[in-house]
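Quick note: the sequence shown uses this note's numbering, first residue 175, plus one each step. See structure below.
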Amino acid sequence: MSPSPSHSDESPTATGVGHEAQATEEARYEEIKQNVASISSLRGVDHLLKMEELIASNHATVDWLSKTDIVILEVMDPRAIPPAIKEKIEGINMTITMRISAAEQRPARVMEVRGDLFQAPRNAVLMHACNTKGFWGKGIAAEFRDRYPEAYRIYRQFCQDCLKGPTYKPAPLTPEQKNKGDTTNAPALQKPEGECLLIPPQLNDTDRNGYRHWIACLFTKAAPGRIGVRGRILVNTGLAVEDMMRQIEAVRARDDMAHVSVHDAPPGELWSCRLNAGLFAVKWSYTKEVLEQAGIDVVVVHP
Numbered sequence: 175m176s177p178s179p180s181h182s183d184e185s186p187t188a189t190g191v192g193h194e195a196q197a198t199e200e201a202r203y204e205e206i207k208q209n210v211a212s213i214s215s216l217r218g219v220d221h222l223l224k225m226e227e228l229i230a231s232n233h234a235t236v237d238w239l240s241k242t243d244i245v246i247l248e249v250m251d252p253r254a255i256p257p258a259i260k261e262k263i264e265g266i267n268m269t270i271t272m273r274i275s276a277a278e279q280r281p282a283r284v285m286e287v288r289g290d291l292f293q294a295p296r297n298a299v300l301m302h303a304c305n306t307k308g309f310w311g312k313g314i315a316a317e318f319r320d321r322y323p324e325a326y327r328i329y330r331q332f333c334q335d336c337l338k339g340p341t342y343k344p345a346p347l348t349p350e351q352k353n354k355g356d357t358t359n360a361p362a363l364q365k366p367e368g369e370c371l372l373i374p375p376q377l378n379d380t381d382r383n384g385y386r387h388w389i390a391c392l393f394t395k396a397a398p399g400r401i402g403v404r405g406r407i408l409v410n411t412g413l414a415v416e417d418m419m420r421q422i423e424a425v426r427a428r429d430d431m432a433h434v435s436v437h438d439a440p441p442g443e444l445w446s447c448r449l450n451a452g453l454f455a456v457k458w459s460y461t462k463e464v465l466e467q468a469g470i471d472v473v474v475v476h477p
């Protein structure tokens, strides 16, 4: 039953305390506002370092960091993030939090963090395992499809073109074949199995935060779904990662020679989901070993 309108649940004392707290909060807000305004003429790293001084001395909070400050923090070496900011921003900004967590795992090459893959830093390369039939239908593939519709269109067209004029190449032996002493090749791989399609950031795929990502489609399996040979998937993963790195290095070299990127920015850090562990049903530890053997630095994000 609702209380009578003629009676208040708050005593005069409680109301007075509430007003005092509100007044204190408003005064604190105005103080921080003035402190931040006093350094508004500074730009870039200079502004960030001054903000760190204000935060460390409790004259400002991380909520007052500018958009430019956040962009700098998202791309700088996490080990170089000013301590006062680092200890207070974790959990507030997912991108920075994940990068800090990954940096703490060095010198590991494959760094696993909890978070959201799609909040990887700007221009990061997002790796995911794909089938060669042109479908991102379920699991995290469906999320890629919904978030990056233009990239999906490019991937789908690429697969359709490959299916129209199929080409084949010899397939390397799987670990199972080697262990059995089988010296015969497995059935030939049909392009693009064991390869990578590296898709640059597409204008229409930019998210509401302005994040643009490269998409690395690793063709680790021919058909969609769970049916497949684990050894073949792992061999394809290794081949696709090698192909991805060749393409990334070629783009970076071309940009260096031109002194300007043909895109907004060249491929950045490698970020990935747990490849093959979803619909392809390969135990993650097996794929992780393949990535470690490839010698790449990659941040692997899981929920």
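Beta carbons: idealized from backbone N, C-alpha and C, even for Gly. Since we're looking at a predicted model, the values are computed, not measured.
Here residue 283 has 465, 466, 469, 470, 471, 472 as same chain residues with Cβ atoms under 8 Å from its own Cβ, once five neighbours each way along the sequence are excluded.
Between residue 329 and residue 311, the beta carbon gap of about 12 Å keeps them out of contact (Cβ cut-off 8 Å). Apart from sequence neighbours up to five positions away, the residues of its chain that approach residue 262 with a beta-carbon distance below 8 Å are 229, 235, 236, ordered along the chain. Secondary structure within the segment 236-287: not one fully enclosed beta strand (DSSP E) run of 3 or more consecutive residues is present.
Residue 238 holds the alpha-carbon nearest to the alpha-carbon of residue 213 among 199, 238, 196, 367.
Of the candidates 461, 371, 297, 371 places its Cα closest to the Cα of residue 327.
Residue 205 is classed as exposed because its beta carbon has fewer than 16 other beta carbons within 10 Å across all chains shown.
With respect to the 8 Å criterion, residue 248 and residue 295 are classified as neighbours on the basis of their beta carbons.
For residue 476, same chain residues with a beta-carbon under 6 Å away, outside a window of 5 residues either side, are 448 in chain order. For residue 446, there is no enclosing alpha helix (DSSP H); the enclosing beta strand (DSSP E) covers residues 444-446.
Note on geometry: alpha-carbon atoms of residue 411 and residue 376 lie some 25 Å from one another. In the DSSP assignment, residue 224 falls within the alpha helix (DSSP H) that extends over 218-230.
If you look at residue 298, you'll find it isn't in any alpha helix (DSSP H); DSSP assigns it neither H nor E. Ranked by Cα distance from residue 345, the first of 196, 333, 369, 324 is 369. Each of 198, 380, 420, 340 was checked against the Cα of residue 322, and the nearest Cα belongs to 380. Straight across, the Cα-Cα distance linking residue 387 with residue 297 is about 5 Å. In this structure, DSSP gives residue 395 an extended state, which the three-state scheme calls strand.
Around residue 342, the same chain offers 362, 364 as residues with beta carbons nearer than 6 Å, after the five sequence neighbours per side are excluded. Listed in chain order, the non-local C-beta contacts of residue 319 below 6 Å within the same chain comprise 310, 326, local neighbours out to five positions each way being set aside.
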